[in-house]
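Line order of the protein sequences matches chains A and B.
Heads up: the first sequence begins at 1 in the working numbering, then just goes up one per residue.
Heads up: the second sequence begins at 1001 in the working numbering, then just goes up one per residue.
Structure, as structure tokens:
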Amino acid sequence: EAGVAQSPRYKIIEKRQSVAFWCNPISGHATLYWYQQILGQGPKLLIQFQNNGVVDDSQLPKDRFSAERLKGVDSTLKIQPAKLEDSAVYLCASSYSISGGGTDTQYFGPGTRLTVL
Amino acid sequence: RKEVEQDPGPFNVPEGATVAFNCTYSNSASQSFFWYRQDCRKEPKLLMSVYSSGNEDGRFTAQLNRASQYISLLIRDSKLSDSATYLCAVPNQAGTALIFGKGTTLSVSS
């Protein structure tokens, strides 16, 4: 079974530039998550989709971050404009169930390592 | 109390040692708990789920103490390959997503 795919794996940009990340979840997984993991910290949830609807985006800095999951499969996360503090690994995860992301096993992709200069 | 708090570490142990990490949580209604393993510059991978009092898988044992609101991860007979960061995760108040701790780093040396 193919895992969660993410691209690009690495990205270096200057502050105030824009960047986009792509995620393809495991086939059949209804729930998709974007996490931000800053060095030395645990993953922090940015946004959670169930199919193509947003379940939780309370920690998404909406003035600069946006995400979409068209057709309930692939997802993109965009940052515009980027700040120095956005340097982190952006992890995408998916889980099978739509009943609750708090009980279902989440499978993570390899992440995109973003460096903002 | 923070939503999820872990022993800060790092833990440096010799091969063959037994080591235990603790994770405290604030949501007393939580019914499920998870330990993830994260290797350096890799993604987190599920190590163990805990839904009742505990769970055991080979050298790894997770125990839940609901009264004191903590879960522990015990690793027996540590191997060099156990060196990693161990993340504790607990559902949020709504039960819709997981909250991760900062992780505890384990280094096993020969």
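Backbone N, C-alpha and C define an ideal beta-carbon position, used for all residues, glycine too.
Just the chain B side, please: which residues come within less than 8 Å of Val55 (chain A) by C-beta, in chain order? Thr1096 and Ala1097
Taking Cβ to Cβ, would you say Ser1109 (chain B) is nearer than 8 Å to Asn1012 (chain B)? In contact: Ser1109 (chain B) and Asn1012 (chain B) (Cβ atoms closer than 8 Å).
Sort A:Leu39, A:Ile26, A:Leu117 and A:Val73 by Cα distance to Phe108 (chain A) and report the nearest one. A:Ile26
Inter-residue CB distance, Pro1097 (chain B) and Gln48 (chain A) (contact presumed, cutoff 8 Å): It is worth fixing the name first, because residue 1097 (chain B) is Ala in this sequence and not Pro. The Cβ separation is near 5 Å, so the contact holds.
Given Gly1103 (chain B), which residues of its chain have a CB within under 6 Å of its CB, disregarding the five upstream and five downstream residues? Thr1085 and Leu1087
Rank A:Gly28, A:Val55 and A:Gly53 by C-alpha distance to the C-alpha of Gly3 (chain A) and give the top, closest one. Checking every option, the nearest Cα to that of Gly3 (chain A) belongs to A:Gly28.
Going along chain A, which residues have a C-beta under 7 Å from Phe1130 (chain B)? In the structure as shown, chain B starts at 1001 and stops at 1110, and residue 1130 (chain B) therefore has no counterpart that could be examined.
First and last residue of the beta strand (DSSP E) that includes Arg1037 (chain B)? Phe1033 to Gln1038
Assuming Gly1101 (chain B) contacts Val1004 (chain B) (C-beta within less than 8 Å), just tell me the rounded distance between them. 4 Å
For chain B, find out if any of its Cβ atoms is closer than 8 Å to the Cβ of Pro110 (chain A); answer yes or no. By this cut-off, Pro110 (chain A) is an interface position.
Three-state class that DSSP yields for Asp1082 (chain B) in the structure shown: helix
Take Ala5 (chain A) as the anchor and find which of A:Arg113, A:Leu60, A:Trp22 and A:Ile12 has the nearest alpha-carbon. A:Trp22
Spatial neighbours of Asp1077 (chain B) within its chain, please: C-beta separation below 7 Å, excluding the five flanking residues on both sides. Gly1016 and Arg1059
Counting C-beta neighbours from all protein chains within 10 Å, is the total for Glu1056 (chain B) 16 or more, i.e. buried, or is it exposed? exposed
So Gln106 (chain A) contacts chain B; which residues on that side make the cut at Cβ distance below 7 Å? Leu1098
Look up Gly53 (chain A) in the DSSP assignment and say whether it is helix, strand or coil. strand
Measure the alpha-carbon distance for Cys1040 (chain B) versus Gly72 (chain A) and round it to whole angstroms. In this structure, the alpha-carbon of Cys1040 (chain B) lies about 31 Å from that of Gly72 (chain A).
Which partner residues of Lys62 (chain A) appear in the DSSP bridge assignment? None; Lys62 (chain A) has no bridge partner.
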